[in-house]
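Here the numbering used here is used: the first residue of the sequence shown is 731, the next is one more, and so on. We treat Cβ as the ideally placed atom computed from N, Cα and C, and that holds for glycine. Source: prediction; values computed, not measured. Worksheet: the structure to be examined is printed underneath.
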Amino acid sequence: RHAVFDAMASRRTYATTGRRTYLEVTDRGNRLRVRAAAEDHLREVVLVRHGTDVERCGPGRDPRIVSVEFSVPDLAPDECCYVRALTASGEMAWSSPIWGDRE
Numbered sequence: 731r732h733a734v735f736d737a738m739a740s741r742r743t744y745a746t747t748g749r750r751t752y753l754e755v756t757d758r759g760n761r762l763r764v765r766a767a768a769e770d771h772l773r774e775v776v777l778v779r780h781g782t783d784v785e786r787c788g789p790g791r792d793p794r795i796v797s798v799e800f801s802v803p804d805l806a807p808d809e810c811c812y813v814r815a816l817t818a819s820g821e822m823a824w825s826s827p828i829w830g831d832r833e
């Protein structure tokens, strides 16, 4: 298999709108550990489930960094969730989707 497919399958990929934004999402069963950072400060990090924003978290003392764990109850096989980070200037980053059949 190609390295790109391996990275996607293990959820080590994410997309951005162009600015340097870091986003790391670790799947821990019913919890997602999220670490995000941006040079121009983060406005919020959002958990999106099946197309709906369900939980959000803003930065702490350092406005460039968000570290949070989101609770994700069981997803149906056709459901997915992902994390979106939004910076103060409107730039975004999205994690790879996590599908309900994750075992």
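query	result
Is aspartate 783 helix, strand or coil when you go by DSSP?	strand
Kindly identify the DSSP beta-bridge partner or partners of arginine 765.	Glu754 and Ser797
I need the DSSP call for threonine 747, collapsed to helix, strand or coil.	coil
In terms of residues, what are the limits of the beta strand (DSSP E) holding arginine 814?	810-817
Between glutamate 799 and leucine 762, which are expected to be in contact by the criterion C-beta below 8 Å, what is the C-beta distance as a whole number of angstroms?	7 Å
So for alanine 806, helix, strand or coil by DSSP?	coil
For serine 825, report the span of its beta strand (DSSP E) as first-last.	822-825
Report the rounded CA-to-CA distance for methionine 822 versus aspartate 792, giving the unit in angstroms.	18 Å
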